[in-house]
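Here the working numbering = 1-based position in the sequence shown + 1280. The beta-carbon is built from N, C-alpha and C at its ideal position, and this holds for glycine as well. So the structure is just underneath, and the comments pick up after that.
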Amino acid sequence: MLIVAGSITTGDDGREQFLAAVRPMVSATRAELGCHEYAFTPDPDDPNRILLYELWDDQGALDDHFASEHMAQWQQDSKGLPVVGADIKKYTISAVGPVR
1281 MLIVAGSITT
1291 GDDGREQFLA
1301 AVRPMVSATR
1311 AELGCHEYAF
1321 TPDPDDPNRI
1331 LLYELWDDQG
1341 ALDDHFASEH
1351 MAQWQQDSKG
1361 LPVVGADIKK
1371 YTISAVGPVR
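Below is the structure:
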């Protein structure tokens, strides 16, 4: 399994604009084969920060996501959004189990 996680920083008052714009892409992505979780979540302590969390079966599923029509559309739609930074990483998971 793969986890993609990180944060996106928007300019002042840009977080709600970003979250509204990303909703259609999130809905389409959650329907993809191999996608278990896909979420952009507002950081409760920083009004300009959005947390990203994705959970995928494998690299093939993530590659298919990046090649999807809705991802291509998102690349176009997101060009005008007030994003000033991002720190997103991919983690390869070898085992999954309960926290305790």
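Nonlocal neighbours in the same chain, by C-beta distance under 7 Å from residue i, ignoring five residues either side
{"i": "Thr1372", "result": "Leu1282"}
{"i": "Asp1327", "result": "Reading the sequence as shown, one finds Pro at residue 1327 and not Asp. The residues are Arg1295."}
{"i": "Gly1365", "result": "Thr1289"}
Own chain, CB closer than 6 Å to residue i, minus 5 neighbours either side, in chain order
{"i": "Val1302", "result": "Phe1320"}
{"i": "His1316", "result": "Leu1335"}
Residue burial classification, residue i (beta-carbon count within 10 angstroms, cutoff 16)
{"i": "Ile1288", "result": "buried"}
{"i": "Phe1346", "result": "exposed"}
{"i": "Glu1334", "result": "buried"}
{"i": "Arg1380", "result": "exposed"}
{"i": "Arg1310", "result": "exposed"}
Cβ pair residue i, residue j closer than 8 Å
{"i": "Gly1286", "j": "Lys1359", "result": "no"}
{"i": "Arg1295", "j": "Pro1322", "result": "yes"}
Of the residues the options, the one placed nearest residue i, counting alpha carbons only
{"i": "Ala1375", "options": "Thr1290, Asp1337, Leu1342 and Asp1357", "result": "Asp1337"}
{"i": "Gly1340", "options": "Met1305, Thr1290 and Leu1313", "result": "Leu1313"}
Close beta carbons around residue i, own chain, < 8 Å, minus the five adjacent residues each side
{"i": "Val1306", "result": "Tyr1318, Ala1319 and Phe1320"}
Inside the region 1297-1356 only - alpha helix (DSSP H) runs reaching at least 4 residues: 1339-1346
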